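Note sheet for the following structure.
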Amino acid sequence: MTAKPTDASTPFAKFGPEQTEAMLGVQKELLEACEQASRAWLARIKSEVDLWSGLATKLAATRSAPEALGAYQECLAQRMQM
Numbered sequence: 093m094t095a096k097p098t099d100a101s102t103p104f105a106k107f108g109p110e111q112t113e114a115m116l117g118v119q120k121e122l123l124e125a126c127e128q129a130s131r132a133w134l135a136r137i138k139s140e141v142d143l144w145s146g147l148a149t150k151l152a153a154t155r156s157a158p159e160a161l162g163a164y165q166e167c168l169a170q171r172m173q174m
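Heads up: take any position in the sequence shown, counting from 1, add 92, and you land on our numbering.
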């Protein structure tokens, strides 16, 4: 099989330096947005883990059902403020 010759008639060959820079800029912005979303997601997950780990610690220290319910209620109130 022979490869098609590439010449100036193909769409990608007509891209100039400005278009290439613009495409690279868009890709960079997209990558930065993804990284920012990833950092925000990771921070959110960490705060959730900290919250529920704290509840587990409090529940392990409780000695009665009312204490356990109080700890759970406090945790839920904190969760609703997040």
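The beta carbon of each residue, even a glycine, is placed where N, CA and C say it ideally should be. If you're wondering where the values come from, they're calculated on a predicted model, not measured in any experiment.
- Non-local beta-carbon contacts of Leu-151 in its own chain, meaning distances under 8 Å to residues more than five positions away in sequence, involve Ala-160, Ala-163 and Tyr-164 in chain order.
- Proximity of the region 132-139 to the region 104-124 falls short of the contact definition, fewer than three beta-carbon pairs being nearer than 8 Å.
- In the DSSP annotation of this structure, the continuous segment of the alpha helix (DSSP H) that includes Met-115 starts and ends at 109-153.
- The continuous stretches of alpha helix (DSSP H) do not include Met-174, and DSSP gives it neither H nor E.
- Listed in chain order, the non-local C-beta contacts of Ser-139 below 8 Å within the same chain comprise Met-174, local neighbours out to five positions each way being set aside.
- Between Arg-171 and the set Thr-112, Glu-110 and Ser-145, the nearest pair of CA atoms involves Ser-145.
- Excluding sequence positions up to five before and after Leu-147, its CB lies within less than 6 Å of the CB of Cys-167, all in the same chain and listed in chain order.
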